[in-house]
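Read through the structure below, which is laid out as structure tokens, and then see the notes.
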Amino acid sequence: MLAGTLVARADTAWMTVQGAAQLAAIDTGRGEIVERIDVAEGPVGVAVGQRRVYITHPEIGRISVVDVERRAVTDTWDVGGEPFGIALADASQQVYVTDWAGNRLDVYDVDSGRRLARVGVGGAPAGVAITPDESAVLVANRESDSVSVVAATDNTVAAEIDVGEAPFAVLAGPNGRYAFAASVRSDDVHVIDLSASASARTIQTGIFPYGLATADNGRTLLVTEQRHGLLARFEVATGRRLGEITVGGQPDGVAVDRDGRHAIVANWFDDTVSLVDLDCACETAVIAVGAGPRGFGRFIRH
Numbered sequence: 145m146l147a148g149t150l151v152a153r154a155d156t157a158w159m160t161v162q163g164a165a166q167l168a169a170i171d172t173g174r175g176e177i178v179e180r181i182d183v184a185e186g187p188v189g190v191a192v193g194q195r196r197v198y199i200t201h202p203e204i205g206r207i208s209v210v211d212v213e214r215r216a217v218t219d220t221w222d223v224g225g226e227p228f229g230i231a232l233a234d235a236s237q238q239v240y241v242t243d244w245a246g247n248r249l250d251v252y253d254v255d256s257g258r259r260l261a262r263v264g265v266g267g268a269p270a271g272v273a274i275t276p277d278e279s280a281v282l283v284a285n286r287e288s289d290s291v292s293v294v295a296a297t298d299n300t301v302a303a304e305i306d307v308g309e310a311p312f313a314v315l316a317g318p319n320g321r322y323a324f325a326a327s328v329r330s331d332d333v334h335v336i337d338l339s340a341s342a343s344a345r346t347i348q349t350g351i352f353p354y355g356l357a358t359a360d361n362g363r364t365l366l367v368t369e370q371r372h373g374l375l376a377r378f379e380v381a382t383g384r385r386l387g388e389i390t391v392g393g394q395p396d397g398v399a400v401d402r403d404g405r406h407a408i409v410a411n412w413f414d415d416t417v418s419l420v421d422l423d424c425a426c427e428t429a430v431i432a433v434g435a436g437p438r439g440f441g442r443f444i445r446h
């Protein structure tokens with residue numbers, strides 16, 4: 145770890161570690177791993193609920209269910225295809241999973257793993273996000289250069305929104321007005337007006353924007369820029385670049401803790417996780433987690 149003061153916090157970051165076939169539980173206040181849980185091979189996507197963590201394994205067509213208290217895998221769902229992105233709706237108790245190979249969004253019951261619906265979306269769907277009111281599910285279609293808006297009430301596609309080239313990550317903003325889609329080939333983030341179901345403006349980023357999070361009650365957008373190992377910050381209203389923080393190699397997923405002052409970044413190629421103080425725009429700790437941390441999805445629950 146780097147020298148530095150870490151503010152005492154109660155958050156746990158549940159980090160998928162793809163190459164090590166593990167889920168690492170990281171205490172973000174102490175800046176250390178408190179548990180390593182062996183899972184099936186190739187974990188990528190993650191969604192954290194009150195009692196469980198759901199993980200996708202695209203290489204073997206499986207979803208693992210980890211009990212938060214027991215810190216162990218308590219169920220596995222063999223769903224087939226290539227389950228990739230994953231998101232959890234608290235109110236409806238449903239899990240939404242993109243199938244990269246099947247060009248679809250699958251909906252599952254959180255307890256039984258029973259598939260409730262299958263929705264056709266665009267090509268190579270990757271990231272998935274749920275709006276704060278849980279009325280819509282957003283899917284980034286990497287090979288269709290679009291975001292699908294799926295109505296949660298009847299699991300139908302309500303809109304297809306053109307964005308940049310090869311959108312990978314998608315994020316619903318905390319106020320429910322905007323969503324964000326990061327496109328890795330056009331090096332930009334499209335700000336989506338959810339009320340109009342249209343791209344409102346474009347934020348130009350560095351090379352290969354991969355992970356997204358918001359801070360300052362949605363006023364600031366955080367973007368991991370893979371090619372140069374940066375966590376960049378942008379003003380949402382104007383798209384102005386506020387600065388960047390050097391993290392590790394090929395940063396992937398990013399999340400912000402409950403106090404909104406600290407970011408956690410998965411450094412895919414460095415096998416580490418960076419803890420970042422957003423007030424000082426500095427990296428305060430680097431944690432070795434094993435081969436290929438991804439953290440693709442909601443890996444911290446507030």
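Numbers 145 to 446, taken from this note's numbering, label the letters of the sequence shown in order.
All residues carry an ideal CB built from backbone N, CA and C; glycine is no exception.
Rounded C-alpha distance that separates residue i from residue j
i, j, result
"ASP219", "ALA191", "15 Å"
"VAL161", "ARG286", "23 Å"
"THR172", "ARG259", "34 Å"
"ASP414", "VAL433", "9 Å"
"ASP255", "ILE408", "29 Å"
"ALA245", "GLY225", "6 Å"
"VAL333", "GLU379", "12 Å"
"ALA152", "ALA164", "At ALA152, the pLDDT of 40 sits below 50, so the modelled position is not reliable; the number obtained from the coordinates is stated separately. The alpha-carbon atoms of ALA152 and ALA164 are separated by roughly 28 Å."
"ARG385", "TRP412", "24 Å"
"LEU146", "GLY441", "Low confidence applies to LEU146: its pLDDT is 43, below 50, so where it sits in the model is not reliable, and the reading given next is rough at best. Their backbone Cα atoms lie some 26 Å apart in a straight line."
"VAL343", "VAL307", "Checking the sequence, you will find Ser at residue 343 rather than Val. Their backbone Cα atoms lie some 7 Å apart in a straight line."
"VAL178", "PRO187", "19 Å"
"THR349", "GLY383", "9 Å"
"ASP396", "GLY355", "5 Å"
"VAL291", "ASP222", "27 Å"
"VAL328", "ASP289", "10 Å"
"ALA410", "ILE336", "25 Å"
"VAL294", "GLY267", "15 Å"
"THR428", "GLY264", "43 Å"
"TYR198", "CYS424", "33 Å"
"ARG363", "GLY189", "26 Å"
"PHE443", "ALA302", "27 Å"
"THR346", "GLY387", "17 Å"
"ASP317", "ASP331", "Residue identity differs from the one stated: residue 317 is Gly in this sequence, not Asp. When rounded, the distance between both Cα atoms is 20 Å."
"VAL217", "ALA381", "42 Å"
"GLY373", "PRO437", "14 Å"
"VAL196", "VAL212", "It should be noted that the sequence gives Arg, not Val, for residue 196. Between ARG196 and VAL212, the C-alpha separation is close to 5 Å."
"TRP158", "TYR322", "26 Å"
"ALA435", "GLU185", "12 Å"
"VAL241", "VAL430", "30 Å"
"VAL251", "ARG377", "33 Å"
"LEU422", "ASN361", "13 Å"
Buried/exposed call for residue i, threshold 16 Cβ in 10 Å
i, result
"GLY353", "For the record, residue 353 in the displayed sequence is Pro; it is not Gly. Buried is the call here."
"GLY439", "buried"
"GLN370", "buried"
"SER339", "exposed"
"HIS446", "exposed"
"ASP403", "exposed"
"GLU176", "exposed"
"ILE351", "exposed"
"PRO202", "buried"
"ALA359", "buried"
"GLU309", "exposed"
"THR149", "Below a pLDDT of 50, predicted positions are generally treated as unreliable, and THR149, at 37, falls in that range; no measurement from the model is reported."
"GLY392", "buried"
"ASP243", "buried"
"ASP234", "exposed"
"ALA326", "buried"
"THR156", "buried"
"ARG174", "exposed"
"GLN237", "exposed"
"THR200", "buried"
Expected contact under 8 Å - CB spacing of residue i and residue j to nearest Å
i, j, result
"ILE181", "VAL210", "6 Å"
"ALA261", "ASN319", "At roughly 28 Å, the Cβ-Cβ gap does not stay under 8 Å, so ALA261 and ASN319 are not in contact."
"PRO227", "GLY205", "7 Å"
"VAL400", "ALA357", "5 Å"
"LEU365", "PHE324", "6 Å"
"VAL281", "ALA296", "6 Å"
"LEU249", "VAL239", "In fact, because the Cβ distance is near 11 Å, the residues do not count as touching under 8 Å."
"VAL183", "GLN166", "6 Å"
"VAL417", "THR368", "VAL417 to THR368, Cβ: 12 Å. No contact."
"ARG214", "ALA169", "Between ALA169 and ARG214 the Cβ distance is about 12 Å, and since that is not below 8 Å, they are no contact."
"ILE305", "SER341", "6 Å"
Neighbour flag for residue i against chain C, beta carbons, 9 Å
i, result
"VAL409", "No chain C is present in this structure, which holds just one protein chain."
At 3 residues or longer, what runs of the beta strand (DSSP E) sit wholly inside the region 302 to 374? 311 to 316, 322 to 327, 332 to 337, 342 to 348, 353 to 359, 364 to 369
For the region 304 to 319 against the region 260 to 276, do three or more pairs of beta-carbon atoms, one drawn from each stretch, fall closer than 8 Å, so that the two count as touching? yes
What are the start and end residues of each continuous alpha helix (DSSP H) run of 4 or more residues lying completely inside the region 181 to 220, in chain order? none
Sequence ranges, beta strand (DSSP E) only - wholly within the region 399 to 442, length at least 3: 406 to 411, 416 to 421, 426 to 432, 440 to 442
Uninterrupted beta strand (DSSP E) stretches inside the region 210 to 282 (no shorter than 3 residues): 216 to 222, 227 to 233, 238 to 243, 248 to 253, 259 to 264, 269 to 274
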